[in-house]
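When the letters of the sequence shown are read in order and numbered with mature numbering (1 follows the signal peptide of the UniProt record, and there is no 0), they come out as residues -18 to -1, 1 to 54.
The beta carbon of each residue, even a glycine, is placed where N, CA and C say it ideally should be.
Since this is a predicted model, take the numbers as computed values, not measurements.
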Amino acid sequence: MKKLIAIGFIALMMSSCATVFGGRVNAYQKTKPGPGEQQREVRVVALIADIILFAPGLIVDFATGAIYRPQK
């Protein structure tokens, strides 16, 4: 039982806020801006939620691009 709880807790911690609640990630969010291009905006609420609730999952949001706002 302890192992099952530990696995569930780890799965919860590794799933990050913006990845779960942010919707689909588009090419704009995944692609790093080139020289002279405007930087992508970070979803502030998702960043704060990741820091408070899903600290290890913050890496997942930045790696997938889900932490960035979609292009308007």
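Taking a C-beta distance under 8 Å as the contact criterion, Arg25 and Arg6 do not qualify as a contact pair. Nearest to Ala48 by alpha-carbon distance, out of Phe(-10), Ala28, Ile33, Leu35, is Ala28.
Between the alpha carbons of Ile(-12) and Ile30 lies a distance of about 24 Å.
DSSP places Phe44 inside the alpha helix (DSSP H), whose first and last residues are 40 to 46.
Cα atoms of Pro15 and Asn8: separation of roughly 14 Å, rounded to the nearest angstrom.
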